[in-house]
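Engineer:
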DNA sequence: AAGTACCCCAACCGCAAGAAA
DNA sequence: TTTTCTTGCGGTTGGGGTACT
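In the UniProt record's numbering, the protein residues as written are 1 to 289.
Here is the structure:
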């Protein structure tokens with residue numbers, strides 16, 4: 001019966017000559033021009049009025065995910081990765097909600113990032129992406145590492161500036177807690193503190209959960225309220241000897257100096273390479289013993 | 001050079017909620 | 001109040017590109 005029904009649907013679509021698959025340049029231009037003149041919304045009507053042989057749904061998706069002028073393209077930045085990890089930790093697969101905090105990024109793009117990058121690493125680590133182990137690995141290893149890299153990159157490229165309330169700021173407070181401030185767009189800056197990490201050695205950071213953070217962690221773009229993460233991480237001192245996680249001690253000084261993940265300048269993906277995975281797998285095995 | 005495997009991402013699908021008739 | 005339509009969301013798929021053998 002289901003097959004017959006789908007054939008009916010397909011038949012009606014064929015009657016209307018509805019197109020599917022990749023959009024052509026002409027279709028894009030038609031959609032852009034129509035929306036420029038008439039605005040968006042009422043997608044089924046729009047599709048018909050614009051002379052597009054597409055469903056309203058398809059038009060809406062094409063516009064929101066690709067043609068909108070404010071859609072950002074290109075790699076997900078380190079700051080965006082960090083934000084995605086944190087927000088996903090809070091809300092799970094609420095992609096549209098997460099996307100609200102990453103201006104110009106679509107829920108589809110974030111979802112794709114999560115599925116292709118993050119889930120891949122969980123798979124390599126042979127642990128469930130929803131498991132506490134993986135979540136803690138993200139929280140206590142991946143996220144601090146991202147913060148480190150953001151600071152390193154910023155320290156070598158950015159002249160410290162006075163606080164810009166309209167842009168996000170990654171700063172080091174007097175007690176070296178990493179904090180965010182702002183409306184979460186995509187340009188982190190390092191505060192003027194000279195303690196901002198910039199060492200290529202990655203070195204050794206003791207990371208511990210914190211129960212309180214600067215109240216300017218971030219602002220909800222919808223409600224305008226400040227959000228404070230439930231628990232996060234902070235280096236507890238300036239020079240650290242090791243990273244701790246709920247699963248044990250991570251002694252970076254004992255690692256080979258050329259271990260990829262302690263090098264700077266790696267790409268967003270290269271952090272999770274084979275060596276890292278082997279290392280983390282070993283930690284997980286040890287912890288379970 | 002050819003074949004295969006893998007990755008990424010645009011697009012589609014089904015469902016649910018809300019709005020309109 | 002019920003039905004129909006529209007919109008939005010999250011999950012899934014398939015094609016193109018790239019890396020590897």
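C-beta: ideal position from N, C-alpha, C; glycine also. On a predicted model such as this, the values are computed, not experimentally measured, just so you know.
Is it buried or exposed for residue 144, if we count other Cβ within 10 angstroms and need 16 for buried?
Structural biologist: Position 144 of the first chain, counting from 1, holds the residue named residue 144. Buried, by the Cβ-count rule.
Engineer: Go ahead and pull the three-state DSSP assignment for residue 86.
Structural biologist: In the first chain, the residue the question calls residue 86 occupies position 86. In the structure shown, residue 86 adopts helical secondary structure according to DSSP, grouped into three states.
Engineer: Would you tell me roughly how many angstroms separate the C-alpha atoms of residue 115 and residue 96, rounded to the nearest one?
Structural biologist: Counting from one through the first chain, the residue named residue 115 turns up at place 115. Counting from one through the first chain, the residue named residue 96 turns up at place 96. Taking the straight line from one Cα to the other gives about 15 Å.
Engineer: Pick out whichever of 61, 58, 57, 35 has its Cα sitting closest to the Cα of residue 50.
Structural biologist: Here residue 50 is taken as the residue at index 50 of the first chain, counted from 1. Ranking 61, 58, 57, 35 by Cα distance to residue 50 puts 35 first.
Engineer: Let me know if residue 105 comes out buried or exposed under the rule of 16 or more other beta-carbons within 10 Å of its beta-carbon.
Structural biologist: Numbered from 1 along the first chain, position 105 holds the residue referred to as residue 105. Answer is buried; the Cβ neighbour count reaches 16.
Engineer: Would the beta-carbon of residue 18 fall within 8 Å of that of residue 42?
Structural biologist: Numbered from 1 along the first chain, position 18 holds the residue referred to as residue 18. Numbered from 1 along the first chain, position 42 holds the residue referred to as residue 42. Pairing residue 18 with residue 42 gives a Cβ-Cβ distance that is not under 8 Å.
Engineer: Just reading off the alpha helix (DSSP H) that residue 31 is part of, what are its end residues?
Structural biologist: Taking the first chain and counting its residues from 1, the one referred to as residue 31 is at position 31. From DSSP, the alpha helix (DSSP H) with residue 31 extends over 25-38.
Engineer: Which residues in the same chain as residue 70 place their Cβ atom closer than 7 Å to its Cβ, once the five residues preceding and following it in sequence are excluded?
Structural biologist: Taking the first residue of the first chain as position 1, residue 70 is located at position 70. The answer, listed in chain order, is 104.
Engineer: Taking residue 81 as the reference, give the member of 123, 148, 157 with the closest Cα.
Structural biologist: Here residue 81 refers to the residue found at position 81 when the first chain is read from its first residue. The candidate whose alpha carbon is nearest that of residue 81 is 148.
Engineer: So does residue 69 have its beta carbon nearer than 7 Å to some heavy atom of the ligand NAP?
Structural biologist: The ligand content of the structure shown is nil, which means the ligand NAP is not present either.
Engineer: Using the Cβ count rule (16 or more neighbours within 10 Å means buried), how would you classify residue 138?
Structural biologist: The sequence position of residue 138 within the first chain is 138, counting from 1. Buried.
Engineer: What first and last residue would you give for the alpha helix (DSSP H) that runs through residue 147?
Structural biologist: As a working note, residue 147 is residue 147 in the first chain. Its alpha helix (DSSP H) spans residues 143-157.
Engineer: Indicate the three-state DSSP secondary structure (helix, strand or coil) for residue 128 in the structure shown.
Structural biologist: Indexing the first chain from 1 puts residue 128 at position 128. Coil, per DSSP.
Engineer: Go ahead and label residue 83 buried or exposed: buried means 16 or more other beta carbons lie within 10 angstroms of its beta carbon, across all protein chains shown.
Structural biologist: Translated into the one-based positions of the first chain, residue 83 becomes position 83. By the 10 Å Cβ count, residue 83 comes out buried.
Engineer: Go to residue 56, then tell me how far its alpha helix (DSSP H) extends in each direction, as first and last residue.
Structural biologist: By 1-based counting over the first chain, the position of residue 56 is 56. Segment 56-62, the alpha helix (DSSP H) holding residue 56.
Engineer: Which residues in the same chain as residue 52 place their Cβ atom closer than 7 Å to its Cβ, once the five residues preceding and following it in sequence are excluded?
Structural biologist: Position 52 of the first chain, counted from the first residue, corresponds to residue 52. So the list reads 27, 30, 31, 59, once near-sequence residues are dropped.
Engineer: What residue does the alpha helix (DSSP H) around residue 45 start on, and which one ends it?
Structural biologist: To locate residue 45, count along the first chain from 1; it is residue 45. Note, residue 45: alpha helix (DSSP H), 43-49.
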